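Heads up: the structure comes next, in structure tokens.
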Amino acid sequence: MTALLLVLAVLAALAGLGWLCLSPVRLGAAGAVLVAAHPAATIAVTAAVTAVLTVAAARMAYRSLREGGWCLVTVQRAAFAVSRAGGVTP
């Protein structure tokens, strides 16, 4: 029974978080309340998220360089010809 209540509480929290994230105004208001109520927790969460994103970006860059390096990608159009129907065919 305790596990069921815990699962329901987690699902309710996730639903509430989802509802909150659907609107930038609600999310901004919640962030303002969090900063005003618990500035240390907000700073800690911001630092943790920043660290995680930095590590993820560094990993992506390392893997990309290891797999063959970076190169500029240019898009070249195929030589299109006008079809008899009036459209363009490759």
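Take the sequence shown: its position 60, counted from the start at 1, is 92 in the working numbering, and no numbers get skipped.
Ideal placement from N, C-alpha and C gives every residue a C-beta, glycine not left out.
Bear in mind that the values here come from a model prediction, so they are computed numbers and not experimental data.
One alpha carbon belongs to residue 41, the other to residue 50, and they sit about 14 Å apart. Taking 4 residues as the minimum length, the alpha helix (DSSP H) runs contained wholly in the stretch 51-102 are 56-69, 71-98, in order along the chain. Distance from the CA of residue 47 to the CA of residue 33, rounded to the nearest whole angstrom, comes to 21 Å. If the five residues before and after residue 52 are omitted, its C-beta is found closer than 8 Å to the C-beta atoms of 58, 59, 62, all from its own chain and listed in chain order.
Rounded to whole angstroms, the gap between the alpha carbons of residue 79 and residue 67 is 14 Å.
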